[in-house]
Structure formats: structure tokens, C-alpha cells
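Position 69 (the sequence shown) corresponds to 71 in my numbering; numbering is contiguous.
Ideal Cβ placement from N, Cα and C applies to all residues, glycine included.
The block underneath contains the structure these notes are about, expressed in C-alpha cells.
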Amino acid sequence: MNSNQLFEKSYAVTPGGVHSPVRSFKMMECDPVFFSEGKGAYITSVEGKKYIDFCQSFGPNILGHRDPDVQGAVCKVFNKVWTLGALDPYSVELSSWLVEKIPFIDKLRFVCSGTEAVMTALRLARAYTGRQKVLKFEGCYHGHVDNMLVKSGSGLAGMAESSSLGVEEKIVENTLVCGLGDLNHVEDIFKKHGDDLSCVILEPLPANYGLLVQEEEYIKAVYNLAKKYGALVIFDEVISGLRVGFTGMAGRLDLTPDIVTYGKVIGGGFPVGAYAARKDIMAHMAPEGGVYQAGTLAANPIGMVAGLTTLKKLEEHNVQQRLEERTTRFAATINEHIAKHNLPWQMIHYSSLFWLAPKTEQPIKSPRDFPDNMTQTFAKYFRACLKRGMYQAPNAYEVGFMSWAHDDNVLAAAQQIIVESLKEASETH
Ligand SMILES: *Cc1c(COP(=O)(O)O)cnc(C)c1O
Numbered sequence: 003m004n005s006n007q008l009f010e011k012s013y014a015v016t017p018g019g020v021h022s023p024v025r026s027f028k029m030m031e032c033d034p035v036f037f038s039e040g041k042g043a044y045i046t047s048v049e050g051k052k053y054i055d056f057c058q059s060f061g062p063n064i065l066g067h068r069d070p071d072v073q074g075a076v077c078k079v080f081n082k083v084w085t086l087g088a089l090d091p092y093s094v095e096l097s098s099w100l101v102e103k104i105p106f107i108d109k110l111r112f113v114c115s116g117t118e119a120v121m122t123a124l125r126l127a128r129a130y131t132g133r134q135k136v137l138k139f140e141g142c143y144h145g146h147v148d149n150m151l152v153k154s155g156s157g158l159a160g161m162a163e164s165s166s167l168g169v170e171e172k173i174v175e176n177t178l179v180c181g182l183g184d185l186n187h188v189e190d191i192f193k194k195h196g197d198d199l200s201c202v203i204l205e206p207l208p209a210n211y212g213l214l215v216q217e218e219e220y221i222k223a224v225y226n227l228a229k230k231y232g233a234l235v236i237f238d239e240v241i242s243g244l245r246v247g248f249t250g251m252a253g254r255l256d257l258t259p260d261i262v263t264y265g266k267v268i269g270g271g272f273p274v275g276a277y278a279a280r281k282d283i284m285a286h287m288a289p290e291g292g293v294y295q296a297g298t299l300a301a302n303p304i305g306m307v308a309g310l311t312t313l314k315k316l317e318e319h320n321v322q323q324r325l326e327e328r329t330t331r332f333a334a335t336i337n338e339h340i341a342k343h344n345l346p347w348q349m350i351h352y353s354s355l356f357w358l359a360p361k362t363e364q365p366i367k368s369p370r371d372f373p374d375n376m377t378q379t380f381a382k383y384f385r386a387c388l389k390r391g392m393y394q395a396p397n398a399y400e401v402g403f404m405s406w407a408h409d410d411n412v413l414a415a416a417q418q419i420i421v422e423s424l425k426e427a428s429e430t431h
């Protein structure tokens, strides 16, 4: 079956034909492509066309698709056990490894997704503080937990409205939303609601709605306000956590979050998430404490082994730092071409993440800085790349993921495709 036939079939049985909205080609105004294979930096469509892949499943594949070492380890455990729902050594190895590497966590628990990790972190913060409200930021994504599907409303400062239908009003009332980068707003909210706030949750590196690199002082100021009012600080490091380095953005900012959430890289390509915290906070989790959280497939042996093998390989080859250098060089080259051809674009990057955005006068630091028509502009570029054999998320606001498999040869090819596609997308017809 070709991609068009598959889409028709999929559309009949799945909303929009996709199992996650960010996979939809709807906004790209072109026929969707279905992929059936991945190896290293490449994915192959059902038609047999090979594409350089910068989506990499939105981050888990930091070593690329099916890294041989990870595949070897997975095959070994695959021949022993799939899922137990009982005590196992694999999860002990991965959790001990992480606790040893990350100085500010004493304990952690595995779940099956970033969303689940965030959901539990919020519950734990409410239980620990005995408070109900949570403060989040516009432009940060925390999965599809009800409390987090809330955006700032048009009314009073901090008053919010849901960004999805079906979210309970009571929950929306307890979620306060602040503009990213707006310290005055944060201070106002703390003055008014500080004593009711169970926690502040943020992506210390917002990378789900563009790549909105924040000023260090800003994150630190928010952190200090939370501490002053006795609210817990949750760093949602599902993207950034093990990608920017083992201690994540918390390590880079030299801050000690109360709870950290992980996902993506932690499972080496399999469904694993985790939440982690100090001993006294984690003691609230059942069966030690009264906060309930459980999972049939949690700490699945295959995910545990894939995660640990991935992390050990990252350490052995100093992958995070080398990917950062690689991404910096790559973005510099792209930006040189952009300048040379006077194209209305910019490549923003941090660590091994990059984001191609329309050129702006000021740096883009929050969704308020987004230029108009980003989707239409990006769609042209997306289609031009696709035609030339390069895939990325079909969405103007999603970042690109550099992997260990994107070597010099792949990047030289990618650079050519990107520059040609930018030129094509910038032509006015
Ligand atoms: C991806 C992501 C999530 C959601 O994780 P899922 O595994 O998709 O549920 C939450 N927070 C952040 C920061 C993420 O990047």
C-alpha cells in the first residue's frame, strides 16, 4: 500500500488519521508520507524513498534510529523477558545509574511517558505542600495532562482558560499562566496567589513551541520567587534532561529543582518516562506514602535496557558535548548561507536542538515574538525539503533533533537540501 492509500485507510479508523496530532501533514498542504523503516539518520517511506530524519521521534533517538549497541542490548533482553509486572533487576540498574549521575535527585520512579511523569509530579507537589494551585508558562509544553492544557485568558492577570475542550473548569481555575520572560507578571501572580501555589512548573529550556531560550537570570528569579513562597519548583526536562548533559538544564543553571520530570532520551527509543526528587519528597509516594501512582507496563525491561545502554554510550563518547559542537557548526553554516543569499530565515540552536524560524529583528523569546504566517511560510519550506529527501516534524513550531548518527556526510547533504529549500520557499510566485 502506498502512503496515500495508507492515509485513506488510517483516516477511516483514527482521528485525523494520526495517533498524535504533531504527526499530521494537515497544515503542510501536501500528501502525507508514511514511513516503515529507520536506521541511523535516515527513515524510509513505504514507497522506498530514503529521507534524512531530523524529527527522530521528537527526541528519544539521540543516537539515531536503531543504534547497533542499543539494538544488541535490546535483542538480548528480548530473548529473556518482555514484561513482568514484578520485581526486576533492569529498572534497578537504570535508576541507580541515574541517581548516581544526577546529584540533586535521591530517588526516581519510572512511568511510560513524559505526560505521566508530569501528571504525577503535579500530584506529588499538591500532596507535599497541601496547596492546590499551579503556575505554568505560556509557551512551555508539559504533555496532555488536564492541568497543563491551559493557556492565559484574555481577562485578569493570571486567569486562564483551557487550550483543549473537555478540561474540567475546576482544574482550569487552579492553573495560573504567565507569559514567558515577563518577570513583573510572575511577581504579581506570586503576590496574589503565592501562598496557594503548590508548584511552579516550567521547561527550563522551552523547546516545544519553537526554541525559546530564556535568560538565566529570569529562570533564577522565578526559582527564587517559588522558594520564597514555599512552592515547589518542577523542572520539566522531558526534552532537555539527558540531552543537554546528564544533569540537564538544572545543572547548567546551577539550580536544584524540587522535582524533575524525564522522558524521551531516557528510554532510548522505547516508552519510558520518570519523575525524580529528593528523598523527603519521594517519601510521599505509595507504598511509602499516601500519593498513589502505578503502571502495568512501568519500568518495562526493554525500555530499561535501551535507556541504560543509550546513556552509557552517551557518556562513553561524550555525545552530548560533541552533538552540541556539531549543531553549533551546522547552524553557523546554515546562517552563513542565509546571510549570503539574504534569505528571511534564521537557525536558532541550543545544545543538540535547532529551530528554523523566520528572521526577526529581536530574538524570539516567547510566543508573543512569533512573526505572522509562520505556518504558511514553513509549509513551503517543509514541502521543498520533503521533495529533496529530508524529513522534519510537519509543524512550524517543532524543533529539529541532531543525533549521533548525523555525521559529516549526512550534514553536508542536509545543509545543501536546507539551503536549496529555503531559497525555494522564499521565492514569491
Ligand atoms: C515531550 C514532552 C512532554 C510529553 O511527553 P510524552 O512522552 O509525549 O507524553 C512533556 N514535557 C515536555 C517538556 C516534553 O518535551
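Pull up the distance between the alpha-carbon of V293 and that of L126, whole angstroms please.
Taking the first residue of the sequence shown as position 1, residue 293 is located at position 291. Taking the first residue of the sequence shown as position 1, residue 126 is located at position 124. So the alpha carbons of these two residues sit roughly 7 Å apart.
Straight-line CA distance for E95 to T379?
Here residue 95 refers to the residue found at position 93 of the sequence shown. Here residue 379 refers to the residue found at position 377 of the sequence shown. Straight-line Cα distance between these residues: approximately 47 Å.
For S47, which beta-bridge partners are listed by DSSP?
In the sequence shown, residue 47 corresponds to position 45, counting from 1. Partner(s): F37.
Within the same chain, show all residues whose beta-carbon is closer than 7 Å to that of F80, passing over the 5 residues directly before and after it, in chain order.
Position 78 of the sequence shown, counting from 1, holds the residue named residue 80. Excluding sequence neighbours, F80 sits near I304.
Is K135 buried or exposed, if buried means 16 or more other CB atoms sit within 10 Å of its CB?
Your numbering for residue 135 matches position 133 in the sequence shown. Classification for K135: buried.
I'd like the span of the beta strand (DSSP E) that includes V235, first residue to last.
For this step, residue 235 is matched to residue 233 along the sequence shown. Counting along the chain, the beta strand (DSSP E) containing V235 begins and ends at L234 to D238.
What I want to know is whether the C-beta of F60 ends up closer than 7 Å to one or more non-hydrogen atoms of ligand 1.
For the purposes of this step, residue 60 is identified with residue 58 of the sequence shown, where counting begins at 1. Checking every heavy atom of ligand 1 against the Cβ of F60, one is found closer than 7 Å.
Between the Cα of S428 and the Cα atoms of I340, Q418 and Q364, which residue gives the shortest distance?
As a working note, residue 428 is residue 426 in the sequence shown. It is I340.
For the 8 Å Cβ check, are there 3 or more pairs between the region 21 to 39 and the region 408 to 415?
The region 21 to 39 vs the region 408 to 415: no contact.
Below 7 Å, is the gap between the Cβ of D238 and the nearest heavy atom of ligand 1?
Position 236 of the sequence shown, counting from 1, holds the residue named residue 238. Result yes, Cβ under 7 Å from ligand 1.
Tell me the start and end of each unbroken beta strand (DSSP E) in the region 89 to 174 that is at least 3 residues and wholly inside, in chain order.
109 to 113, 135 to 140, 152 to 154 and 162 to 164
G181, enclosing beta strand (DSSP E) - first and last residue
By 1-based counting over the sequence shown, the position of residue 181 is 179. Going by DSSP, G181 is part of the beta strand (DSSP E) stretching over T177 to G181.
Can you check DSSP and say which residues form a bridge with G42?
Counting from one through the sequence shown, the residue named residue 42 turns up at place 40. The partner list for G42 (beta bridge, DSSP) reads H67.
Use the C-beta contact count for H187: other C-beta atoms within 10 angstroms, 16 or more gives buried, fewer gives exposed.
Here residue 187 refers to the residue found at position 185 when the sequence shown is read from its first residue. It is buried - the Cβ of H187 has at least 16 other Cβ atoms within 10 Å.
Which residues mark the beginning and the end of the beta strand (DSSP E) in which Q348 is found?
Working through the sequence shown from its first residue, we reach residue 348 at position 346. Segment W347 to Y352, the beta strand (DSSP E) holding Q348.
Does ligand 1 have a heavy atom nearer than 7 Å to the CB of S368?
What you label residue 368 is simply residue 366 of the sequence shown in a count that begins at 1. Not so, every heavy atom of ligand 1 lies at least 7 Å from the Cβ.
Please indicate yes or no: does the CB of Y143 lie closer than 7 Å to some heavy atom of ligand 1?
Here residue 143 is taken as the residue at index 141 of the sequence shown, counted from 1. Yes, ligand 1 has a heavy atom inside 7 Å of this Cβ.
Can you tell me the Cα-Cα spacing of D69 and G132, whole angstroms?
What you label residue 69 is simply residue 67 of the sequence shown in a count that begins at 1. What you label residue 132 is simply residue 130 of the sequence shown in a count that begins at 1. Going by the C-alpha atoms only, they are around 45 Å apart.
Where A32 falls: helix, strand or coil (DSSP):
Your numbering for residue 32 matches position 30 in the sequence shown. Per the sequence shown, residue 32 should be read as Cys rather than Ala. The answer is coil: DSSP assigns C32 none of H, G, I, E or B.
Given this structure, state the Cα-to-Cα distance separating G87 from D71, to the nearest angstrom.
As a first step, residue 87 must be located in the sequence shown, where it is residue number 85. As a first step, residue 71 must be located in the sequence shown, where it is residue number 69. Whole-angstrom Cα-Cα distance: 26 Å.
Is the closest heavy atom of ligand 1 to the C-beta of V169 under 7 Å?
Counting from 1 along the sequence shown, the entry for residue 169 is found at position 167. Flag unset: Cβ of V169 not near ligand 1.
Under a three-way DSSP split, which group does L358 fall into?
For the purposes of this step, residue 358 is identified with residue 356 of the sequence shown, where counting begins at 1. L358: strand per DSSP, three-state reduction.
By DSSP, does G270 sit in helix, in strand, or in coil?
The residue labelled residue 270 in the question sits at position 268 within the sequence shown. Note: G270 maps to coil in three-state DSSP.
Which of helix, strand or coil does DSSP assign to T430?
Walking along the sequence shown from the start, residue 430 turns up at place 428. Coil.
Exposed or buried, what is Y13 when buried is set at 16 or more other beta-carbons lying within 10 Å of its beta-carbon?
For the purposes of this step, residue 13 is taken as the residue at position 11 of the sequence shown. Y13 comes out exposed.
Three-state secondary structure (DSSP) at L214?
Against the sequence shown, residue 214 aligns to sequence position 212. Residue state, collapsed to three classes: coil.
Measure how close the beta-carbons of G61 and K266 come, nearest whole angstrom, since I'm counting them as under 8 Å.
Sequence index remark: in the sequence shown, residue 61 carries index 59 (1-based). Sequence index remark: in the sequence shown, residue 266 carries index 264 (1-based). Sure, about 4 Å apart at Cβ, within 8 Å.
For L204, the first and last residue of its enclosing alpha helix (DSSP H)
Here residue 204 is taken as the residue at index 202 of the sequence shown, counted from 1. Run containing L204: none in the alpha helix (DSSP H); it sits in the beta strand (DSSP E), L199 to L204.
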